[in-house]
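Engineer:
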Amino acid sequence: MPKILYLISEDWFFCSHFLARAKAAQNAGFEVVVMTHVGSHADTIRSHGLRVLPWNLDRRSLNPLDELKSIFQVWRVYQAERPFLVHHVALKPLLHGSLAARFSGIRHVINAPVGMGYIFSSSDWRARLLRIPIRLALRLLLNPRGSRVIFESPDAEKDFIEEHTVRPEDARLIRGAGVDLALFQPTPEPDGVPAVILPARMLWDKGVKEFVTAARQLKAEGMKARFLLAGAPDTGNFAAIPEETLHAWEKEGVVEYLGFRSDIPDLLRQCAIICLPSAYREGLPKALLEGLAAARPIVTTDVEGCRETVVEGVNGLMVPPRDPTRLANALRSLLADRPKRILMGQASRKLAETEFSQEKVISETLAVYDEFWNAERLRNIVTIKGFRGFPRSRSSIFSFLKKFRRSRNWTKYRKDRFAKKLKGIFSRRANKRWGGISNVNANEGNMKEVVIHIGGGKCGSTALQQFLTYNDELTSKNGNKKYIYCVIQSDGSIIHGTTLNDAVQQYDPIGFSSVPIPLGKDAAMLFKQGIMDVLKLADDQTVPIISCEAWGEFHSLFKEYGIFDGINGVKFKALLFVRPQVAWLNSAWWQWGAWSRLSFEEWIRKYGLTTCDWNNMACGWEALHKDIEVTVCDTARYDGSNNQQALVDFLDVKVPDNVTVNAFANQGAPRALIEFFARNREFRPSEHDALIEFTLKQYVQFQGQRAPFVINQATQKFICETFWEKNRSLARFFTPADREVFLEDIKWFPRAYLEDAPQGDTPQSDVDRLIADLIGAIVTLSGDLQKTRYELYNSKAK
440 MPKILYLISE DWFFCSHFLA RAKAAQNAGF EVVVMTHVGS HADTIRSHGL
490 RVLPWNLDRR SLNPLDELKS IFQVWRVYQA ERPFLVHHVA LKPLLHGSLA
540 ARFSGIRHVI NAPVGMGYIF SSSDWRARLL RIPIRLALRL LLNPRGSRVI
590 FESPDAEKDF IEEHTVRPED ARLIRGAGVD LALFQPTPEP DGVPAVILPA
640 RMLWDKGVKE FVTAARQLKA EGMKARFLLA GAPDTGNFAA IPEETLHAWE
690 KEGVVEYLGF RSDIPDLLRQ CAIICLPSAY REGLPKALLE GLAAARPIVT
740 TDVEGCRETV VEGVNGLMVP PRDPTRLANA LRSLLADRPK RILMGQASRK
790 LAETEFSQEK VISETLAVYD EFWNAERLRN IVTIKGFRGF PRSRSSIFSF
840 LKKFRRSRNW TKYRKDRFAK KLKGIFSRRA NKRWGGISNV NANEGNMKEV
890 VIHIGGGKCG STALQQFLTY NDELTSKNGN KKYIYCVIQS DGSIIHGTTL
940 NDAVQQYDPI GFSSVPIPLG KDAAMLFKQG IMDVLKLADD QTVPIISCEA
990 WGEFHSLFKE YGIFDGINGV KFKALLFVRP QVAWLNSAWW QWGAWSRLSF
1040 EEWIRKYGLT TCDWNNMACG WEALHKDIEV TVCDTARYDG SNNQQALVDF
1090 LDVKVPDNVT VNAFANQGAP RALIEFFARN REFRPSEHDA LIEFTLKQYV
1140 QFQGQRAPFV INQATQKFIC ETFWEKNRSL ARFFTPADRE VFLEDIKWFP
1190 RAYLEDAPQG DTPQSDVDRL IADLIGAIVT LSGDLQKTRY ELYNSKAK
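Remember, our numbering sits 439 above the position in the sequence shown when you count from 1.
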């Protein structure tokens, strides 16, 4: 079980910002350890099954000796725990942990530079004194080779990249800690005197003084409102406000000081406005995210991090930092207009649901962990011509001496090292990637060979129908192999040869999807029995082809039920048919997304992106069996997803003279509809409520014409950035000849187009909406008819 170790300065900060992600990582199969300064929240962490290691860290200390002691303590823990991955959060953990990881030989490091607003924005003399050496240290330690750096705001990401502190390919943007939408439910604003709350640590740089000054001004004007301060002073921070000052303000009658509160959801329900006039650069303040989820308007400053939570005039207002007069004006305008507050609150909740949900943050964080896990798992089994391999960290002198001490003498150490290298050479040779079946002796050692045709659902199998009649003629060009196409039915029986041709003429929702969805335990056992029957057909000259639907979590279910366990002496060669994700999303949206009763954005986030995560799918299939090799085929290069031609090339087979290789997979929108928009370009739908704009207009083409539909900029960016790194990892599954083409294909890496603004509203909008709704009705009706046909078929079968 891989181990993740979080190095974080305070246990309370881990509970508020990282506990949910750590629990998700634990549920995903990681062992989670937390090293932190132990305070009052350690028991809370332990109650969730996480180990806590104490760290003697003083955040205020500037004593070099104390810093060295802290680094040494972290290094000892890293040496003892040997974590697979270390996740450093905040400035001191980042610097101390990166040094300790380098000397411990830990390869996988994630650094999260949060909570550094004091150093880079504060006017305090200590912050200004530390700024230059901290910048130098970050340049050396923030982004070591093979690491990832997670930013909470795009401004911070841009600054660090422009300063050449972080490599662009190693930067990841995860916007804050997210908010639990179930915990912070929207509720109506209570009647009575409206309350304005500042929920934060009581620090000068959080704008507390400006908030009090604005409250004093509004109180003097006779404004009926309550002003609340919720939070305790952070004694570990130089900018902490003394308790005496806070109580003095309360005695003055300007504000109500509540101190630390654990009932924040209930507290926000009692308030009308959430205010955080922070004076320095933030990550992404969780207090504002919770205010969004609680459906309250936001008043904050136009500084890094805070500005991410406000659409000016829509869900809140922004003011310049350290400007109490402008802050008072903003609060006055909202306190005097309750209907405006309600509308802004509704917009805040919508923003929280679409951009800042905790589930989204957890998913994005686990995706970064998966980058390391997939790379490490494949490190010693992947050798590709032209592939340099994953970076190795430098061995430290300590690990060398440890090995030397264990080996007793230098000669034995050299022998052991030579033996390991020799073993690695043979291991890599055995697992060497290949460029096609014709280039590999798959039956070496008398092993049987089976081809798995992944993605062979309705589209893929229909593309092979013409071959089924000529089953005996499906032989390799050199004549030493014959291929038999097999389908495993839902009852576990198999059909192949000429009987298969009769089966495909019927409407069969099960036959070419291999097994019905969802795959239960009983169906899995039947499917395994079918595989065993298919293997009986294989010999030195005969190679069965198994058609298997891949658009789902089949590889996970196969692993869960041990479908391939206990199968030895068989070389599985899997071909995964894929298309660029946006092109696939187009097809899938018109096939079943448009009649799912979800908007395009909802469908994308809930279903679309998980079903076209080709890298995850390829890795999942590769992990099913020790003798399985996965090759990915970009069918978009075969004149419109011609699966038949792709399989012909993959198998290197003869094509009968009377067979035309021209079968295509589903192309998405009906041809008549595409031609209509091609002829009438003025009818292109703009942004509208029907949300049929489903693809990137910049590079998806139909019949030589650019697609007329667009999606909003946020969804474009979300789709492309989700798969940017995953597509780079996917490259290793392509044949050497195809890999270079794939890496240069803008359909797979469209980041260059993300700066273009989406198409805005036009005078044609009313016509656009009418056309869009008509299309939606047609697609919905088509879906209902297909569903009815499916039900009729099932009743007939029964």
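Idealized CB from N, CA, C, for every residue including glycine.
These numbers come from a predicted model, not from an experiment.
#1: Can you tell me whether G571 is buried or exposed, with buried defined as 16 or more other CB within 10 angstroms of its CB?
#2: Below 7 Å CB to CB, which residues in the same chain sit around L606 once its five sequence neighbours on both sides are set aside?
#3: With 16 as the cutoff for other CB atoms within 10 Å, does L504 come out buried or exposed?
#4: Note down, in chain order, each residue of its chain lying with its Cβ closer than 7 Å to the Cβ of F699, except the 5 sequence neighbours on either side.
#5: So, V693 versus K663, is the Cβ gap smaller than 9 Å?
#6: Based on DSSP bridge pairs, tell me the residues matched to N550.
#7: If you run the structure through DSSP and keep just helix, strand and coil, what is G400?
#8: Excluding the five sequence neighbours on either side, which residues of its own chain have a C-beta within less than 7 Å of the C-beta of T981, listed in chain order?
#9: At the level of alpha carbons, what is the spacing between H892 and T804?
#10: Under 8 Å, with one C-beta from each stretch per pair, do the segment 621 to 638 and the segment 745 to 754 reach the 3-pair mark?
#11: Where do the ends of the alpha helix (DSSP H) carrying V693 lie?
#12: Considering only their Cβ atoms, is the gap separating Q797 from L620 smaller than 9 Å?
#13: For E1164, which residues of its own chain have a beta-carbon under 7 Å away from its beta-carbon, when the five flanking residues on both sides are left out?
#14: Tell whether a beta-carbon distance below 9 Å holds between K1012 and E1061.
#15: Below 6 Å CB to CB, which residues in the same chain sit around P716 once its five sequence neighbours on both sides are set aside?
#16: Excluding the 5 residues preceding and the 5 following L534 in the sequence, name in chain order all residues of the same chain whose CB lies nearer than 7 Å to its CB.
#17: I need the straight-line Cα distance from R416 to E1040, nearest angstrom please.
#18: Alpha carbon to alpha carbon, what distance is there between P1175 and F590?
#19: Could you tell me the distance, in whole angstroms, from the CA atom of M1056 to the CA atom of L1048?
#20: Could you say which of P638, D563, R611, P532 lies nearest to D497 if we only look at CA atoms?
#21: Closest by CA to F469, which one among D1184, Y1046, W1042, Y808?
#22: Taking the continuous alpha helix (DSSP H) assigned at M1056, which residues delimit it?
#23: Please report the straight-line C-alpha distance between R708 and C1051, rounded to a whole angstrom.
#24: Using the three-state DSSP reduction, which class does C454 fall into: helix, strand or coil?
#25: Let me check understanding here. Comparing Cα to Cα, which of T475, S479, G488, G1005 lies closest to A459?
#26: What do you reckon, are the CB atoms on V525 and I549 nearer than 9 Å?
#27: Out of L1024, K508, L667, S915, point me to the one whose CA is closest to K1093's CA.
#28: Could you spell out where the beta strand (DSSP E) holding V738 opens and where it closes?
#29: K970 to C925, Cα distance in whole Å?
#30: What number of angstroms, rounded off, separates the C-alpha of E683 from the C-alpha of R655?
#31: Going by the beta-carbon positions, is the gap between A769 and L790 smaller than 9 Å?
#32: Between A869 and F1089, what straight-line distance do the alpha-carbon atoms span, to the nearest angstrom?
#33: Tell me whether the beta-carbon of G462 lies closer than 9 Å to the beta-carbon of G615.
#34: Looking only at its chain, what residues have a beta carbon closer than 8 Å to the beta carbon of R499, apart from the 5 residues adjacent to it on each side?
#35: Which runs of the beta strand (DSSP E) at least 3 residues long sit entirely within the segment 707 to 769? Give them in chain order.
#36: Looking at the structure shown, is T1074 part of a helix, part of a strand, or coil, going by DSSP?
Structural biologist: Answer, in terms of the structure:
#1: Start at 1 with the first residue of the sequence shown, and residue 571 comes out as number 132. The sequence given here places Ile at residue 571; Gly does not occur at that position. Label assigned to I571: exposed.
#2: Position 167 of the sequence shown holds residue 606. In the sequence under discussion, the amino acid at residue 606 is Arg, which differs from the Leu named in the question. N582.
#3: Taking the first residue of the sequence shown as position 1, residue 504 is located at position 65. Taking all protein chains shown into account, L504 has fewer than 16 neighbouring C-beta atoms within 10 Å of its C-beta and is therefore exposed.
#4: Your numbering for residue 699 matches position 260 in the sequence shown. Result list for F699: G670, A671, in chain order.
#5: Numbered from its first residue, the sequence shown carries residue 693 at position 254. Numbered from its first residue, the sequence shown carries residue 663 at position 224. Not in contact: V693 and K663 (Cβ atoms no closer than 9 Å).
#6: For the purposes of this step, residue 550 is identified with residue 111 of the sequence shown, where counting begins at 1. Per DSSP, H527, V588.
#7: No statement about residue 400 is possible, as the shown extent of the chain runs from 440 to 1237 and does not include it.
#8: Locating residue 981 in the sequence shown gives position 542, counting from the first residue. Contacts found: K921, I923.
#9: For this step, residue 892 is matched to residue 453 along the sequence shown. For this step, residue 804 is matched to residue 365 along the sequence shown. Taking the straight line from one Cα to the other gives about 32 Å.
#10: These segments do not touch.
#11: The count along the sequence shown starts at 1 and reaches residue 693 at position 254. Per DSSP, V693 lies in no alpha helix (DSSP H) segment and is marked neither H nor E.
#12: Locating residue 620 in the sequence shown gives position 181, where the first residue counts as 1. Locating residue 797 in the sequence shown gives position 358, where the first residue counts as 1. Q797 sits close to L620, with the two beta carbons spaced by under 9 Å.
#13: Here residue 1164 corresponds to residue number 725 of the sequence shown, with the count starting at 1. E810.
#14: For the purposes of this step, residue 1012 is taken as residue 573 along the sequence shown, with counting starting at 1. For the purposes of this step, residue 1061 is taken as residue 622 along the sequence shown, with counting starting at 1. Result no, Cβ atoms of K1012 and E1061 do not sit closer than 9 Å.
#15: For the purposes of this step, residue 716 is taken as residue 277 along the sequence shown, with counting starting at 1. Taken in chain order, the residues that qualify are G646, E649, F650, T740, L766.
#16: Translated into positions along the sequence shown, residue 534 becomes position 95. Excluding residues within five positions, the ones whose Cβ falls inside 7 Å are A576, L580.
#17: With the chain running from 440 to 1237 in the structure shown, residue 416 is simply not present.
#18: The residue labelled residue 590 in the question sits at position 151 within the sequence shown. The residue labelled residue 1175 in the question sits at position 736 within the sequence shown. Between the C-alpha atoms of F590 and P1175 there is a straight-line separation of about 35 Å.
#19: Taking the first residue of the sequence shown as position 1, residue 1056 is located at position 617. Taking the first residue of the sequence shown as position 1, residue 1048 is located at position 609. Between M1056 and L1048, the C-alpha separation is close to 12 Å.
#20: Against the sequence shown, residue 497 aligns to sequence position 58. Nearest to D497 by C-alpha distance, out of P638, D563, R611, P532, is P532.
#21: To locate residue 469, count along the sequence shown from 1; it is residue 30. It is Y808 whose Cα lies nearest to the Cα of F469.
#22: Counting from one through the sequence shown, the residue named residue 1056 turns up at place 617. Residues 1053 to 1061.
#23: Locating residue 708 in the sequence shown gives position 269, where the first residue counts as 1. Locating residue 1051 in the sequence shown gives position 612, where the first residue counts as 1. The alpha-carbon atoms of R708 and C1051 are separated by roughly 40 Å.
#24: Reading the sequence shown from its first residue, position 15 is the one you call residue 454. Helix.
#25: Numbered from 1 along the sequence shown, position 20 holds the residue referred to as residue 459. Minimum Cα distance to A459 is reached at G488.
#26: Taking the first residue of the sequence shown as 1, we reach residue 525 at position 86. Taking the first residue of the sequence shown as 1, we reach residue 549 at position 110. One thing to note: V525 has its Cβ within 9 Å of the Cβ of I549.
#27: Along the sequence shown, read from residue 1 onward, the residue named residue 1093 stands at position 654. The candidate whose alpha carbon is nearest that of K1093 is S915.
#28: Taking the sequence shown and counting its residues from 1, one reaches residue 738 at position 299. Secondary structure note for V738: its beta strand (DSSP E) is the uninterrupted segment 737 to 740.
#29: For this step, residue 970 is matched to residue 531 along the sequence shown. For this step, residue 925 is matched to residue 486 along the sequence shown. Looking at the sequence shown, residue 970 is not Lys but Ile. In a straight line, the C-alpha of I970 is about 10 Å away from that of C925.
#30: For the purposes of this step, residue 683 is taken as residue 244 along the sequence shown, with counting starting at 1. For the purposes of this step, residue 655 is taken as residue 216 along the sequence shown, with counting starting at 1. Their backbone Cα atoms lie some 18 Å apart in a straight line.
#31: Looking up residue 769 in the sequence shown gives position 330. Looking up residue 790 in the sequence shown gives position 351. Using a Cβ distance threshold of 9 Å, A769 and L790 do not count as a contacting pair.
#32: Position 430 of the sequence shown, counted from the first residue, corresponds to residue 869. Position 650 of the sequence shown, counted from the first residue, corresponds to residue 1089. Annotation note: pLDDT 34 at A869 (below 50); position unreliable, coordinate value reported separately. In this structure, the straight-line span from the alpha carbon of A869 to that of F1089 is close to 21 Å.
#33: By one-based count along the sequence shown, residue 462 stands at place 23. By one-based count along the sequence shown, residue 615 stands at place 176. Note on residue identity: the sequence assigns Lys, not Gly, to residue 462. Cβ atoms of K462 and G615: not closer than 9 Å.
#34: As a working note, residue 499 is residue 60 in the sequence shown. Taken in chain order, the residues that qualify are G675, N676, F677.
#35: The segment 707 to 769 contains these whole beta strand (DSSP E) runs: 712 to 715, 737 to 740, 755 to 758.
#36: Position 635 of the sequence shown, counted from the first residue, corresponds to residue 1074. In the structure shown, T1074 sits in a helix (DSSP, three-state: H, G or I).
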